[in-house]
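A.B. asks: As numbered in the numbering used here, residues 55 to 205 make up the sequence shown, in order.
The beta carbon of each residue, even a glycine, is placed where N, CA and C say it ideally should be.
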Amino acid sequence: MRATAAWISFLLGPLGCSSTVQPHAGVTLLITNGTCETGQCASVEILGFPSNQPHTPGGFWSVDLGLVAAPSACLTLPPSATFRVIDASTGATMTYTWTTAEGLSLGALQPPASRIQATPSTGAFVPGSAAGWSVTLPAGSHVSPRQPCSS
55 MRATAAWISF LLGPLGCSST VQPHAGVTLL ITNGTCETGQ CASVEILGFP SNQPHTPGGF
115 WSVDLGLVAA PSACLTLPPS ATFRVIDAST GATMTYTWTT AEGLSLGALQ PPASRIQATP
175 STGAFVPGSA AGWSVTLPAG SHVSPRQPCS S
């Protein structure tokens with residue numbers, strides 16, 4: 055009986071610990087600048103908001119993905135990012151790590167808006183589950199999988 059339980063744990067153990075999506079580099083994001091409808095485009099700062107957000111008074115943790123001033127741009131997502139929260143009273147540091155195997159939402163800021171005002175406008179998606187993605191910002195709310203774009 056013990057041997058059977060050990061064998062079942064051996065077989066099922068990896069299933070509980072593995073992810074169906076592995077982090078990887080080179081995931082692209084085709085941004086269509088939604089401000090270009092009148093002919094001229096405003097600059098839009100594209101931000102990624104990892105799903106593992108800490109509870110801090112300074113607003114959302116975001117990853118700067120790039121500035122888009124043209125009708126469209128191809129951005130390459132970083133394979134990972136870290137965010138550190140330092141407790142002012144104790145000096146203790148908590149590190150949050152995001153990878154392309156985890157959820158990410160997108161948002162856009164028009165300079166000179168403050169990053170403290172930044173919030174996500176799309177639903178969460180897992181970048182590593184496709185080689186490329188596309189979205190219209192600042193108006194879009196849905197990120198769609200697509201073939202990789204090139205910058």
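Please give the ranges of any alpha helix (DSSP H) in the segment 70-103, keeping only runs that are unbroken, at least 4 residues long and fully inside the region.
C.D. replies: Counting whole runs of 4 or more residues, the segment 70-103 contains no alpha helix (DSSP H) stretch at all.
A.B. asks: G186: buried (16+ other C-beta within 10 angstroms of its C-beta) or exposed?
C.D. replies: Buried: at least 16 other Cβ atoms inside 10 Å.
A.B. asks: Which residue from Q201, C95 and T82 puts its Cα closest to that of T119?
C.D. replies: One detail in the question is off: residue 119 reads as Leu in this sequence, not Thr. Considering only alpha carbons, the answer is T82.
A.B. asks: Only counting the same chain, and skipping five residues up and downstream in sequence, which positions put a Cβ closer than 6 Å to that of V117?
C.D. replies: Excluding sequence neighbours, V117 sits near G102 and A135.
A.B. asks: Whole angstroms are fine: how far does the CA of S143 sit from the CA of Q94?
C.D. replies: Those two C-alpha atoms are separated by around 49 Å.
A.B. asks: Let me confirm a value: P181 is counted as buried when at least 16 other C-beta atoms fall within 10 Å, else exposed. Which label applies?
C.D. replies: P181 is buried by the Cβ-count criterion.
A.B. asks: What does a CB cutoff of less than 6 Å around P77 pick up in its chain, not counting 5 residues either side in sequence?
C.D. replies: For P77, where only same-chain residues beyond five positions count, the Cβ hits under 6 Å are P133, T153, T154, A155 and G182.
A.B. asks: Measuring alpha carbon to alpha carbon, tell me which residue in P125, L131 and V189 is nearest S97.
C.D. replies: The shortest Cα separation from S97 among P125, L131 and V189 belongs to P125.
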